[in-house]
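A.B. asks:
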Amino acid sequence: MNDRTGPVKIDEITIPVEGEPEKPPASAPDSLKVDAASQGWGTPEPPPSFEEGAQGRVFPGVYPAVVVDHGHPAPPTHGQLRIRLPWLSQDEPVELWARYMGPVGGPGAGAWFLPEVDDEVLVAFEAGDLRRPYVLGGLWNGPDPAPEEPRQGGEGQPWSITTRGGSRIVLEDGAGESRISVETPAGGTLVLDDAAGGSVVVRDPQGCEIRMEGGNVHLSAPGRVVVQSTLVDVEAGMVEVNASMTRFKGVVMCDTLISSAVVSASYTPGAGNIW
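Just so we're aligned, residue -15 is where the sequence shown starts under the numbering used here, counting upward by one.
1) Quick one: complete beta strand (DSSP E) runs, 3+ long, within the stretch 156 to 229?
2) Let me know if P99 comes out buried or exposed under the rule of 16 or more other beta-carbons within 10 Å of its beta-carbon.
3) Please go through the stretch 65 to 98 and give each complete beta strand (DSSP E) segment of 3 or more residues, from N-terminal end onward.
4) Whole angstroms are fine: how far does the CA of F97 sit from the CA of L174?
5) Okay, do the stretch 73 to 89 and the stretch 130 to 137 touch, 3+ Cβ pairs below 8 Å being the bar?
6) For the 8 Å Cβ check, are there 3 or more pairs between the stretch 39 to 53 and the stretch 100 to 109?
7) Let me check understanding here. Comparing Cα to Cα, which of D177, S151, A180 and D178 lies closest to T272?
8) If we ignore side chains and look at the alpha-carbon of each, how far apart do L123 and P129 end up?
9) Under 9 Å, do D178 and E161 count as touching if we go by C-beta distance?
10) Between which two residues does the beta strand (DSSP E) carrying W143 extend?
11) Determine the closest residue to N125 out of S228, G221, E104 and W143, with distance taken between C-alpha atoms.
12) Following the continuous beta strand (DSSP E) through H54, name the residue where it begins and the one where it ends.
13) Is E104 helix, strand or coil when you go by DSSP?
14) Hey, how far is the Cα of L72 from the Cα of P60?
15) Measure the C-alpha to C-alpha separation of S213 and L65 and round it to an integer number of angstroms.
16) Taking the beta carbon of P57 as the centre, do at least 16 other beta carbons fall within 10 Å, making it buried, or is it exposed?
17) Apart from the five residues on each side of it in sequence, which residues of its chain come closer than 7 Å, Cβ to Cβ, to L203?
18) Tell me R152's beta-bridge partners as DSSP assigns them.
19) Tell me whether G140 sits in a helix, a strand or coil according to DSSP, three-state version.
20) Run through the DSSP bridge pairs and tell me what L120 is partnered with.
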């Protein structure tokens, strides 16, 4: 018996196993091999040019790119974008068509928010293959700032959709507020506000307004208000009209007329209308 103290280094351990191990198949069966382009959803063409040595390389992870065009010339386009990879070649820009990943997609349906030309986007490549790019989303940068500034504290951050032209949809759900607003560049707004009992206000750039608040509907306009229909039916306990003059064209019929004075160019006496 050899008495040794201190650490012992073991270089290899061999464990006997009965029988031969099962070898994995040399390749996947043909039934699992799918040509993406032939199925109508893959990128239909490889990139036109590569940096020397780029072809055959694997590109894991994500990379920045710039949108240069929309709509592949060979429909159906499937929302493809032509992107430029400025980091891949310093001499000749590398451009290729990429599929866009939206928040949700289906047959003829989904969320359609394509980036604009010259927008910076983030791309990834299927299995690292440069011929299978996907646009994952857009990025903001120094020349292209975000449309919102984050609120301090991290809670109640607004959600918004803003177009380049200035149209906006803003959803706010902070402490004590729950509001949805739609704005146009010219100044038209629609605001649905749950604060103080709730209200809905519609305004146009000329100052016309429809306000629904507290069970009341208020309509105001700096100009005329026109109601045009084959039949206007008004039901109310009382209809109050305040005007310096009210004019009716045609025949006015009523069950009972109460008046302080009647002025008329002509008058036809009849039963019950003797003054």
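All C-beta atoms, glycine included, are put in the ideal place defined by N, C-alpha and C.
C.D. replies: Once the coordinates are examined:
1) 163 to 167, 173 to 177, 183 to 187, 193 to 197 and 200 to 204
2) buried
3) 65 to 69 and 78 to 84
4) Taking the straight line from one Cα to the other gives about 22 Å.
5) no
6) yes
7) Here the chain comprises residues numbered -15 to 259, so residue 272 is not present and cannot be evaluated.
8) 9 Å
9) yes
10) W143 to T146
11) E104
12) V46 to H54
13) DSSP, reduced to helix, strand and coil, places E104 within a strand of the structure shown.
14) 28 Å
15) 48 Å
16) exposed
17) I194 and V209
18) T146 and E167
19) coil
20) L120 pairs with nothing; no bridge assigned.
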